[in-house]
Amino acid sequence: MQYIEIKERKNTMTLLEVNNVKKVYSTRLGGNKVQALNGVTFSVEKGEYVAIMGESGSGKTTLLNILASIDRATSGQVLLEGRDLAAIRQSELAAFRRDNLGFVFQDFNLLDNFTIQDNIFLPLVLAGRPPEEMKQRLEPLARKLGIEDILQKYPYEVSGGEKQRTATARALITNPKIVLADEPTGSLDSKASSRLLKLFAEISKEGQTILMVTHSINAASHAGRVLFIKDGCVFHQIYRGNAANEEMYAMITDALTIIQTGGMKNE
Amino acid sequence: MNKLLLLPKLSIMGIRRNGASYFPYILAGSFSVFVFFVFSSILANDIMLTLPRSSYALLLMRVGQVLLGLILLPFIVYTNSFLIKRRKKELGLYSILGLDKKHMAVMMLWESIIIFGAVMILGIVFGLAFSKLMFLLLLNLSSLPVSASFGFSSVAFYQTFLYFLAAYGINLVMNIIRVFRTNPNDLLKSPKKGDREPKHLWLTALSGLALLGVGYNIAITSKLDSSIFLNFLLAVSLVIIGTHQFFKAGLLAFLKVLKRNRRIYYSKSNFVTISGMLHRMKKSASSLSNICIFSTMTIITLLCTLSVWLGSDGMQDFQFPYDATVNLNAAGFRNRDGLNEKLLELADSANVKITDRIEYTLQKLRTTRKENVFTVQDPESHYYDRETIRLILLDEYNAMENTNATLGDNEILIYSTGADLGFDHVILGTETYYVRKELDSAAFARKAANNTYGREIYMVVSSIDVMDKLRTAFGSTADNDRMLTISFNLEGQENDKDSYAKSVRAWCEPQPGYISVINGTGGRRDTRTMNGGLLFIGIFFSIIFAMCLILIMYYKQITEGYDDRNNFDIMQKVGMSDEEVRGTIRKQILMVFYSPLVIAFLHTMAGFNMTAGMLNALQLFDTGLIIRCGLIVAGLFTLLYGFSYSFTSRTYYRIVKQMRTDVTAERRIA
Ligand SMILES: Nc1ncnc2c1ncn2[C@@H]1O[C@H](COP(=O)(O)OP(=O)(O)O)[C@@H](O)[C@H]1O
Ligand SMILES: [Mg+2]
Chain G
2 MQYIEIKERK NTMTLLEVNN VKKVYSTRLG GNKVQALNGV TFSVEKGEYV AIMGESGSGK
62 TTLLNILASI DRATSGQVLL EGRDLAAIRQ SELAAFRRDN LGFVFQDFNL LDNFTIQDNI
122 FLPLVLAGRP PEEMKQRLEP LARKLGIEDI LQKYPYEVSG GEKQRTATAR ALITNPKIVL
182 ADEPTGSLDS KASSRLLKLF AEISKEGQTI LMVTHSINAA SHAGRVLFIK DGCVFHQIYR
242 GNAANEEMYA MITDALTIIQ TGGMKNE
Chain R
492 MNKLLLLPKL SIMGIRRNGA SYFPYILAGS FSVFVFFVFS SILANDIMLT LPRSSYALLL
552 MRVGQVLLGL ILLPFIVYTN SFLIKRRKKE LGLYSILGLD KKHMAVMMLW ESIIIFGAVM
612 ILGIVFGLAF SKLMFLLLLN LSSLPVSASF GFSSVAFYQT FLYFLAAYGI NLVMNIIRVF
672 RTNPNDLLKS PKKGDREPKH LWLTALSGLA LLGVGYNIAI TSKLDSSIFL NFLLAVSLVI
732 IGTHQFFKAG LLAFLKVLKR NRRIYYSKSN FVTISGMLHR MKKSASSLSN ICIFSTMTII
792 TLLCTLSVWL GSDGMQDFQF PYDATVNLNA AGFRNRDGLN EKLLELADSA NVKITDRIEY
852 TLQKLRTTRK ENVFTVQDPE SHYYDRETIR LILLDEYNAM ENTNATLGDN EILIYSTGAD
912 LGFDHVILGT ETYYVRKELD SAAFARKAAN NTYGREIYMV VSSIDVMDKL RTAFGSTADN
972 DRMLTISFNL EGQENDKDSY AKSVRAWCEP QPGYISVING TGGRRDTRTM NGGLLFIGIF
1032 FSIIFAMCLI LIMYYKQITE GYDDRNNFDI MQKVGMSDEE VRGTIRKQIL MVFYSPLVIA
1092 FLHTMAGFNM TAGMLNALQL FDTGLIIRCG LIVAGLFTLL YGFSYSFTSR TYYRIVKQMR
1152 TDVTAERRIA
């Protein structure tokens, strides 16, 4: 397998470990079975910015949902800071998710009945934090994301880029261990996309661990490492090293061409 | 595919896909057809005309049919408007896919035909199967002779057909108008905007409260007189509009106050509830108002029905305390001994026995009254101020009551069949009479404090001289103003009593000085017949109102379920547990769902006086009974409400629960 093992492991520590995760969907009537994930293995170090690439239908969202504990793996293991997600009781899952994970979705998933500000507060409200603390946490975040001026508006009154920055703020306000993003630029135009990606890069630089699913090369080229999945498996990965975004872009393009021509599967 | 086939096929698919909302719609429509058909059949059957004493029942059924027509039409139109609104997306999709408006209109036509057909067939089939049973129920409730010949009536069928054709025709027109107003964009930009607040929130809230206040005031203070029906309608309309205003503005104001308090608003259990309700307050407010109004209607109808049912005996006794009463003109009737003989002789041959016999002379004085001053009746005086005083002689009174009261020449006993008069003296013409005692009961007439409309005043005077003097003073010298009254009860079979009273009347009628013979047995039966008709109508109307209520509740839950489904999905992703979702929903329910019930109880209490007043008009004076019925109905209704709540909210849960699978499925399609 083309697995560039550069396990330097200086003083980094593993935050997320995914071991041989499989997922089989069976349709409700029990007939067809879909093997969405077929033994995914990888790990994410603290502070890393990882992009996962793959074609539509390759199982990216499925993987993310499993990492997010929204969905359960059919087999295999997911460890967050050494804790097995499967061992968390159903009743504690929501709280676990709220305290440890932040989400950004392609279609924003903002609630129309809340103002932008209240949307961002939502996880804190669910965690039972006092209003003063919410305010304190929001201020610097809103400034950083450039959404101070729209806090009192409703989602249907702001642009897509603003919505996604709101969703990002909502993901970050709980200081999550890891931010999981599912095609965050998928619904944005190129200008809003690059603004968001720049933001992700900044956040990452500040030490935030990010795992982003995307099929945009441009988006992936901002990440520190890119994993490619195909047919439910991690097929290949690229480390940025010291490369600039443009070089990274070229590396990803090359990798994708090779994958598509199907050249290098199995030794 | 052939277009001719495609359109009806699309219609059927449309109905089936929206089964959760169309199925109850068709069911409710069928039940409406059923009830309408039953009423029409009973009215249209000749047999009804041939039954003795059926005229009350017939009249009531006719009123019932008209009321049904008035209630069902807006209900059917309202539910349709709800259904078609929910299908905006689907219609938009069709128009994107290239179905032009004309074809969509044809599709709507097909849909209407299918629904109308289903509703008519179901309703009429059940109607045919059960209308005879319902007819027998009516006869039984009305204690009319049971008659088995009750057949299908084409007139009833046509009436039902035409009425519902009109109702569903209106729906069709509304749907077609909506189709022509839909543009494909509606699909793309799904309307996520929240409801805008009403412009003048406090003004609306205040006007709502003011309308309710005025309506309540009319209901509470209105007296039982000729304008009661006008007052009733006025109070009802004010309260209905007021309720809508109140829910619209009151709910919003309440929510805003909650939202302003950050500690309350930003708490796990309130956050979602408050903002969700603010978001759709308009729709919420209107369905809550309708739930409240239908609840009130159900409660009051049930209250009246139960009261009439349980109070029927009391009503009959109040109207007809004796099985027979013979009224004769004291001056004209000479054959008193002959009468007594005849009464016994007829009783023998009719197989009944006379008991509790009383006999007394009664002198009427026609007066105009101002407080305790009674003067000779002024023909110009207002109807309300006129009063007929009934004088009774002391010795006859003592004989009837088995007492030995004594009176001076200027002393009287007073007996009012309504509220006590409370006078210590009265002035009759020019003379003052002191009231020795105001009586609580008397053998010759029943008393009820709330009897206002038919209230009579009796005065017991010491001697025939006083009676004569007053007769002259008031000029009440017409022959019929002095009556000899004989009342008695009978022992024996119901039918024998009835025919005995009739034969007494037959004998008396040709006698000089005959005034009237009151047949208590027959009269009570008439009352039972009328009450039976009322009960029949009451039962059906209660069911209809409850049906409207449940359907509106159900639709409210469905709509909100679909609205909320996406929200709860997002919130679960962001970290809300199943448990918390449940808790939030429960909270929402507690805060909102029971408010219409509480307000409906308030409405009922405000309307109690008026309701009791109308029952009084039917000679049901037992306020205690009405209150007891009110409590029973309140209890039963709370159960019904709770039951239909838990049933409809299960639907809500189910919709919200399906969220994950469905939302992802939708996403994959999009
Ligand atoms: N809830 C589900 N039920 C059945 N099959 C599913 C479900 N979700 C996803 N799949 C299938 O699993 C595969 C992977 O889907 P997904 O993870 O959404 O891919 P991606 O996000 O990479 O486009 C697809 O074949 C999809 O049809
Ligand atoms: Mg996906």
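Quick note, the sequences are listed as chains G and R, same order.
Taking my numbering as reference, the numbering of the first sequence is continuous, increasing by one, and the terminal residue is 268.
Taking my numbering as reference, the numbering of the second sequence is continuous, increasing by one, and the terminal residue is 1161.
Quick reminder that beta carbons are idealized off the backbone N, C-alpha and C, glycines included.
All figures in this text were calculated on a predicted structure; none of them were measured in a lab.
Interface annotation, residue 1096/R: not in contact with chain G, CB-CB separation never under 9 Å.
Going by DSSP, residue 937/R is part of no beta strand (DSSP E) at all; its letter is neither H nor E.
In this structure, the straight-line span from the alpha carbon of residue 951/R to that of residue 945/R is close to 20 Å. Within the segment 113-131 of chain G, the residues whose Cβ lies closer than 7 Å to some Cβ of chain R are 113, 114, 115, 119, 122, 123, 124, 126, 127 and 129, listed in chain order. Taking the beta carbon of residue 753/R as reference, the chain G residues within 8 Å of it are 132, listed in sequence order. Against chain G, a Cβ distance below 7 Å from residue 1067/R picks out 95 and 127. Under the 9 Å criterion on CB atoms, residue 213/G is classed as non-interfacial with respect to chain R. A residue is called buried once 16 or more other Cβ atoms fall within 10 Å of its Cβ, and residue 107/G is buried on that count.
Closest in alpha carbon position to residue 1040/R, among 556/R, 787/R and 599/R, is 787/R. Residue 39/G is positioned such that its CB atom lies closer than 9 Å to that of residue 23/G. The Cβ atoms of residue 966/R and residue 823/R lie no closer than 9 Å to each other. Annotation: residue 694/R to residue 745/R spans about 14 Å, alpha carbon to alpha carbon. Among the CB atoms of chain R, none fall inside 9 Å of the CB of residue 239/G. For residue 1019/R, the enclosing alpha helix (DSSP H) begins and ends at 1011-1065. Against chain R, the CB of residue 84/G has no partner CB under 9 Å away; the residue lies outside that interface. Each of 706/R, 500/R, 875/R and 985/R was checked against the Cα of residue 601/R, and the nearest Cα belongs to 500/R. Ranking 193/G, 27/G, 124/G and 200/G by CA distance to the CA of residue 763/R puts 124/G first. For residue 1061/R, a Cβ of chain G is located within less than 9 Å of the residue's own Cβ. Nearest to residue 563/R by alpha-carbon distance, out of 525/R, 853/R and 1118/R, is 525/R. At least 9 Å separates the beta-carbon of residue 783/R from that of residue 565/R. Contact between residue 555/R and residue 1028/R is confirmed by a C-beta separation of about 4 Å, below the 8 Å threshold. If you look at residue 860/R, you'll find it in the beta strand (DSSP E) that goes 844-861. For residue 691/R, no alpha helix (DSSP H) run applies, since DSSP gives it neither H nor E. Put simply, the backbone Cα of residue 205/G is about 36 Å away from that of residue 750/R. Shortest gap from the CB of residue 187/G to any heavy atom of ligand 1: 8 Å or more. According to DSSP, residue pairing for residue 922/R in a beta bridge involves 919/R.
Take residue 250/G, set aside five residues on each side of it, and the residues of its chain with a beta-carbon closer than 8 Å to its own are 218, 219 and 222, in chain order.
Relative to ligand 1, residue 56/G has its C-beta within less than 8 Å of a heavy atom. In the assembly as shown, residue 156/G is a buried residue. Its beta-carbon has 16 or more other beta-carbons within 10 Å. In the structure shown, residue 99/G falls within a helical segment according to DSSP collapsed to helix, strand and coil. A straight line joining the alpha-carbon of residue 1137/R with that of residue 260/G spans about 56 Å.
Straight-line spacing of the CA atoms in residue 964/R and residue 537/R works out to 55 Å.
Per DSSP, residue 119/G lies in no beta strand (DSSP E) segment; the continuous alpha helix (DSSP H) that holds it begins and ends at 117-127. Residue 176/G has a beta carbon lying at 9 Å or more from every beta carbon in chain R. Residues of the segment 97-112 of chain G whose Cβ lies closer than 7 Å to any Cβ of chain R, in chain order: 98, 99, 104, 110 and 112.
Secondary structure note for residue 510/R: its alpha helix (DSSP H) is the uninterrupted segment 510-535.
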